[in-house]
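Here the sequence shown stands for residues 440 to 717, numbered as in the numbering used here.
Idealized CB from N, CA, C, for every residue including glycine.
No experiment lies behind these values; they were computed from the predicted model shown.
Please read the structure below before turning to the comments.
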Amino acid sequence: MEELIRTPNFDGLPSLQDLILKECPKLKEIHPSLENHTSLQYVSVWRCKKLRMFPTITHMKNLKDLSISFCPEILEFPKIHANMESLVELTIEYTGIEVLPSSIGEHCTNLISLNLRRWTRIIEIPSSIIELSNLQELDLSLNDFSRLGFSLSQLTQLKVLNMSSCEKLLELPEFPSSLTTLIADYCKSLTTFGDCHKNCRWLCDVSLKGGSIINDGDRLLESMLEACMAIENHYMFLRLKGIHQMAKGLTPQLVRGNRCTLQLPENWCNEFSGFLIN
440 MEELIRTPNF DGLPSLQDLI LKECPKLKEI HPSLENHTSL QYVSVWRCKK
490 LRMFPTITHM KNLKDLSISF CPEILEFPKI HANMESLVEL TIEYTGIEVL
540 PSSIGEHCTN LISLNLRRWT RIIEIPSSII ELSNLQELDL SLNDFSRLGF
590 SLSQLTQLKV LNMSSCEKLL ELPEFPSSLT TLIADYCKSL TTFGDCHKNC
640 RWLCDVSLKG GSIINDGDRL LESMLEACMA IENHYMFLRL KGIHQMAKGL
690 TPQLVRGNRC TLQLPENWCN EFSGFLIN
């Protein structure tokens, strides 16, 4: 569809459930009739570089998954004026949108997955996302903010947080106790965890590849060990970029020369099946 400039009127497709507009370099307009389609469940718009506006999604009562990616001319988030109870996945990546409207927190309360990667024009993630009480996965990677400025502890269902390649990130937000997976690869300005993980009971999968020097990594490891003992299969993953990165990133209490020392819980030999340092 390389020559498509405007989509046709969608009124003749009342049962339309899926719409995918992929790599339409000349597309400038999606016909406004799309907003009246109550049967739509999945909409994906990808690499439509001249598209300037997306219709309001208020009447798309059955919409489950909305993805708008690599559409840099879209400057405004689709309008929402009513509850979107079916919407569980939302991806807004690399657009011209500068402000995430509060209507997401107000009307998209059943969201499970929220992807806000590559928001190149935004320097602050709005605190309204903490209203998404059912959110389980949050992707804030490839952004330019230095800190969130608010705690994520209210997201009591959040399990996976991705903040990779946030090169200006100086500190991590406070995590909810539900968090199991943290991905913070290539966060070159990040030097400390602080107390962000103090309430994490299930944090057992952490990736810190290609980052800066972490000064308090031993506390993180101790917290992860406690978590892995609490979960049923007793597993723990800590991904670092080679043993040299590990030696730089963790304090002398944990690493001395070519040795790595860690205080293990009681009866660990009955619970652990092995250790892998890669």
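- Rounded to the nearest whole angstrom, the CA to CA distance from Arg586 to Leu526 is 28 Å.
- Per DSSP, Ile543 lies in no beta strand (DSSP E) segment; the continuous alpha helix (DSSP H) that holds it begins and ends at 542-546.
- The C-beta separation of Leu647 from Met663 comes to about 12 Å, leaving the pair out of contact by the 8 Å criterion.
- Closest option to Ile507, judged by alpha-carbon separation, among Ile564, Ser603, Thr619, Glu462: Glu462.
- Residue environment analysis places Ser628 among the exposed positions, since fewer than 16 neighbouring C-beta atoms fall within 10 angstroms of its C-beta.
- Here Thr534 is buried: its Cβ has 16 or more other Cβ atoms, across all protein chains shown, within 10 Å.
- With 16 or more other Cβ atoms inside 10 Å of its own Cβ, Pro517 counts as buried.
- Residue nearest to Ile569 within the set Asp583, Ile543, Phe584 is Ile543 (criterion: CA-CA distance).
- Glu512 sits in coil when the DSSP states are folded into three classes, being neither helix nor strand.
- When the beta-carbon positions are compared, Thr530 and Leu505 come within less than 9 Å of each other.
- A straight-line Cα-Cα distance of about 11 Å links Leu600 and Leu611.
- A direct Cα-Cα distance of roughly 30 Å separates Arg560 from Asp457.
- By the C-beta density criterion, Ser454 is exposed, having fewer than 16 other C-beta atoms within 10 angstroms.
- For Lys461, the uninterrupted beta strand (DSSP E) run begins and ends at 457-461, by DSSP.
- Counted as a single uninterrupted DSSP element, the beta strand (DSSP E) harbouring Thr620 occupies residues 620-622.
- At a Cβ-Cβ threshold of 9 Å, Leu452 and Cys487 do not count as neighbours.
- Out of Asp450, Phe632, Thr497, Thr619, the CA that lies nearest to the CA of Asp644 is found in Thr619.
- In the three-state scheme derived from DSSP, where H, G and I count as helix and E and B as strand, Asn573 is classed as coil.
- The C-alpha of Asn448 is placed about 6 Å away from the C-alpha of Ser472.
- Every beta strand (DSSP E) stretch that sits fully inside the segment 461-538 and reaches 3 residues is listed by chain position as 481-485, 504-510, 528-534.
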